[in-house]
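Report on one structure; see the data block that follows.
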Amino acid sequence: MRKTECLAMILAGGQGSRLGALTKKIAKPAVPFGGKYRIIDFPLSNCANSGIDKVGVLTQYRPLELHNYLASGSAWDLDKSDGGVFILPPYAREKGADWYQGTADAIYQNLNFIDLADPEYVLILSGDHIYTMDYSWMLESHKMNKAEATIGVFEVPWDEAPRFGIMNTDKTGRILEFEEKPAKPKSNLASMGIYIFNKSYLKKYLEEDAKDETSAHDFGKNIIPKMLADQGRLYSYAFDGYWKDVGTIESLWQANMDLLQDKPPFELNGDWKIYSSNQPFPPHYIGKEAKIKKAMVSEGSMILGEVENSIIFPGVRIGKGAKVTNSVIMPSTVIADGAVVDYAIVAQNCEIAEGAKVTGELGAITVVAEGETVEAAASGKQAG
Amino acid sequence: MKTVMGIINLQEENKLIRELTDRRAVESLPFAGRYRLIDFTLSSMVNSGIQNVGVMLPDKPRSVLDHLRSGKDWDLARRHDGLFYLPAPHDEAVAARKGDLKNFYHNLDFFEHSSQKYVLLTSGSFVYNVDFSQLLRFHQNTDADITMVYYTSTHETPGRNVVIETAENGLVEDISEKQAVYDGSKVAMSVYLMEKRIFAEMVRYTFEHGGQDLLMDGIIRRASEYNIYACEHDGYVAHVDSTTAFYRANMDLLEPENWEELFMGRNSIYTKVKDEVPVQYKETADVRNSLIANGCEIRGEVENSILFRGVKIAKGVKVKNSIIMQRCDIQEGALIENVICDKNVVITKDKWLKGAPTYPLIVTKNVVI
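In the order they appear, the protein sequences are chains R and F. One rule links them: number in the numbering used here = place in the first sequence (from 1) + 785. One rule links them: number in the numbering used here = place in the second sequence (from 1) + 5.
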């Protein structure tokens, strides 16, 4: 491989257990989002748009659909002869196979890949955030600060700060202290889980960490605190755009709903395209008696009923007299005539039968898992 | 179908559709919200298992080349075979001749060097989703020299078409070019399957004996020399050979059965991928009986219409019975009825545009009204 300036590594192995029924069959980064995308489209498109053309994707949990989706990487223009997407699942060595033990261990186990790409810098991303960001600016700032590590931070409301990993910095942005979920936060700068490291610096710490049997092998818990304890040059890079962790059902639902604002929180149709693997579907059809407003609808869908404040993925059927409100309907699902869906996330390939009802409420979104059928008799309020 | 190579002839003359084809070939006319006409023939070929396709370039090739590029979106960017462009001849003696036959003659070595035994000759101005592998089986069973595909017309339409008469077993008894078709006419869909050997002989002999037009001089005039059979296609089909036909074929897709049959069956129609966001319907949107492509942003009223990718419909706008192509911007309070807007048209505030139901008003590319 040719020498690369900056190699990106996307941590896409997480199970996403807090997404419950949605991640029974697929890994979290493969969960559909925003009417046509999957969560991993965001970091991948950000890489492609930032000019980073070598991307390792570390997979582990239920990787089939994710591997199938990523394929050659051509959807993100990342099918290069010397670069592109590299899928990195755990693999067996002489002494046997290991699952990735933590975020740091996942990178440690792929150090030989990193050595092969031989970058100056390693950008570490996670596969469960929705945002559009130009990583090249973060890299610039990393270089200007002559930093050994730079951590992307995001200002969160003070009352939410205790839920995040919080960075305390000086005026120049240098990180003095890192507190994981502090009860009394001294700052409201939360870590976005986006790191740039000098490669040799990262390698040294990963190798040390691997020898430490008491370590959880996690960037937030072990690596960053250790670097700070050693007085490393760690800087923060403040991001002020839209950034959303979609690790829970409620936050995933909310992030989808955010797109329905009259002015969406980030430019959807601008120069910063979000790429995704497209299916060959025609423009969607809106029927003669359909009613549709405040909605996002994708290709190949047929809408004969009523849709409001909802996100409709490709290939969805919404029958006559059906009513879909405040909901997310994932690809190829059928909402039959007269069915009612409110405050729900209905996963792929489901069928909500004629006259059936799937209703949740704000704060208790109902989820229908992939491939399920909801009959009229069995309907009603379901557990989220 | 590995034994069949496809040819798409983009050399059709189209005087009836001039406004929209001023700067592009008919085959690259935008259609049904996100497609170009050529997508239907090309996708049918690929879905039937044809892996070697030659595209006979039109005189205005840019939009076709820009659309097809390497053929990747049709899975035709292959190490062996795949998509080939066949340019028009450049040496003067051949180029001076009229008709499309000279282009076939000029490219004979491409056909002869391909490994396939059969040639499937098509045009790119039809809308259909056909499985050609059934045609090959029929061809082999009847032991025909040439097998063609036709549909039975259900209404009277003007326009040049090849009309045939067949016996019960499909044997073609007459083939001729008519100026109109009637209810019950058997109309050729410009699909001809034959052995490459027969095709090459046909091109060479006809051209060297003064022929100009492959269909007219190579097949119709010499019909008695061949054993020709025809196969009926009973699915949706439209021949886009005039502005009215273009408008009507688009509107046909507002019938869910046609939409479903053409696009949602086992075989998909592929096109160049543009990575547009899903359609955004805002608070004031009111849309009925319409086909809407990704990338649109809708705040107004849309009825019986087709919106292509990236169209903006502002608040207070009314669009009815219209075709609005890529990236048009319809601004506040505009009223549009029976109109075809070509790409990148801007209709500014409060303008009213209305065509006749049988003769839509056409606004040409990049115009600001």
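Ideal Cβ placement from N, Cα and C applies to all residues, glycine included. Computed from a predicted model, the values in this text were never measured in an experiment.
- DSSP places cysteine 301/F outside any alpha helix (DSSP H), giving it a letter other than H or E.
- The DSSP assignment places 137 to 147 as complete runs of the alpha helix (DSSP H) inside the stretch 126 to 211 of chain F, in order along the chain (cut-off: 4 residues).
- Counting only unbroken stretches of 3 or more residues, the beta strand (DSSP E) elements lying wholly within the stretch 206 to 240 of chain F are 233 to 237, in sequence order.
- Remark: C-beta atoms of tyrosine 920/R and phenylalanine 827/R do not approach each other more closely than 8 angstroms.
- Using a Cβ-Cβ cut-off of 8 angstroms, isoleucine 297/F counts as an interface residue toward chain R, since at least one Cβ of chain R sits closer than that to its own.
- Serine 972/R has a beta carbon lying at 8 angstroms or more from every beta carbon in chain F.
- For alanine 290/F, the nearest beta carbon of chain R is closer than 8 angstroms to its own beta carbon.
- In the DSSP assignment, asparagine 831/R falls outside any beta strand (DSSP E) and within the unbroken alpha helix (DSSP H) covering 826 to 835.
- At the C-beta level, asparagine 272/F and serine 295/F stay beyond 8 angstroms of one another.
- Here valine 372/F has Val350 as same chain residues with Cβ atoms under 6 angstroms from its own Cβ, once five neighbours each way along the sequence are excluded.
- In the three-state reduction of the DSSP assignment, glutamine 285/F falls in the strand class, which pools E and B.
- Look at the stretch 1028 to 1058 of chain R: the residues with a C-beta under 7 angstroms from a C-beta of chain F are Asp1047, Leu1053, Asn1054 and Lys1058.
- One thing to note: alanine 1121/R has its Cβ within 8 angstroms of the Cβ of glutamate 1136/R.
- If you draw a straight line from the Cα of valine 1113/R to the Cα of leucine 176/F, it is about 55 angstroms long.
- Contact between methionine 6/F and isoleucine 55/F is confirmed by a C-beta separation of about 5 angstroms, below the 8 angstroms threshold.
- Within the stretch 268 to 292 of chain F, contact with chain R at the beta-carbon level (separation under 9 angstroms) is assigned to Phe268, Met269, Ser273, Ile274, Tyr275, Thr276, Val278, Lys279, Asp280, Glu281, Val282, Pro283, Val284, Gln285, Tyr286, Lys287, Glu288, Thr289, Ala290, Asp291 and Val292.
- In summary, the residues of the stretch 27 to 61 of chain F whose CB is separated from some CB of chain R by less than 7 angstroms are Ala37, Gly38 and Arg39, in the order they occur in the chain.
- Separation of glycine 1104/R and isoleucine 899/R (C-alpha to C-alpha, rounded to the nearest whole angstrom) is 51 angstroms.
- In the three-state reduction of the DSSP assignment, tryptophan 357/F falls in the strand class, which pools E and B.
- Taking C-beta separations shorter than 6 angstroms and ignoring five residues to either side along the sequence, the partners of aspartate 838/R in its chain run Lys865 and Gly868, following chain order.
- Between phenylalanine 1098/R and methionine 1115/R, the CB-CB gap stays under 8 angstroms.
- In terms of Cα proximity to glutamine 336/F, the closest of Ile328/F, Ile345/F and Lys320/F is Lys320/F.
- Within the stretch 941 to 994 of chain R, the complete beta strand (DSSP E) segments at least 3 residues long are 950 to 954, 960 to 965 and 974 to 983, listed from N- to C-terminus.
- Proximity of asparagine 831/R to chain F, defined by a Cβ-Cβ separation below 8 angstroms, is not satisfied.
- At least 8 angstroms separates the CB of tyrosine 854/R from every CB of chain F.
- The three-state reading of DSSP puts phenylalanine 1098/R in coil, since its state is none of H, G, I, E or B.
- In terms of beta-carbon proximity, asparagine 294/F lines the interface with chain R, with at least one pair separated by less than 8 angstroms.
- DSSP places serine 921/R inside the alpha helix (DSSP H), whose first and last residues are 920 to 929.
- The DSSP assignment places 57 to 61 and 87 to 91 as complete runs of the beta strand (DSSP E) inside the stretch 20 to 102 of chain F, in order along the chain (cut-off: 3 residues).
- Taken atom to atom, the span from the alpha-carbon of threonine 152/F to that of glutamine 1064/R is near 33 angstroms.
- Taking a 10 Å sphere around the C-beta of histidine 160/F, we find fewer than 16 other C-beta atoms and assign the residue as exposed.
- For chain R, none of the residues of the stretch 207 to 238 of chain F brings a beta carbon within less than 9 angstroms of one of its beta carbons.
- Here threonine 789/R carries a coil assignment [DSSP, helix/strand/coil].
- Here serine 1021/R is not near methionine 923/R, since their CB atoms are 8 angstroms or more apart.
- Assignment of beta-bridge partners to lysine 317/F by DSSP yields Glu302/F and Asp334/F.
- Separation of the CB atoms of valine 60/F and leucine 34/F is rounded to 16 angstroms, and the pair is thereby denied contact status at 8 angstroms.
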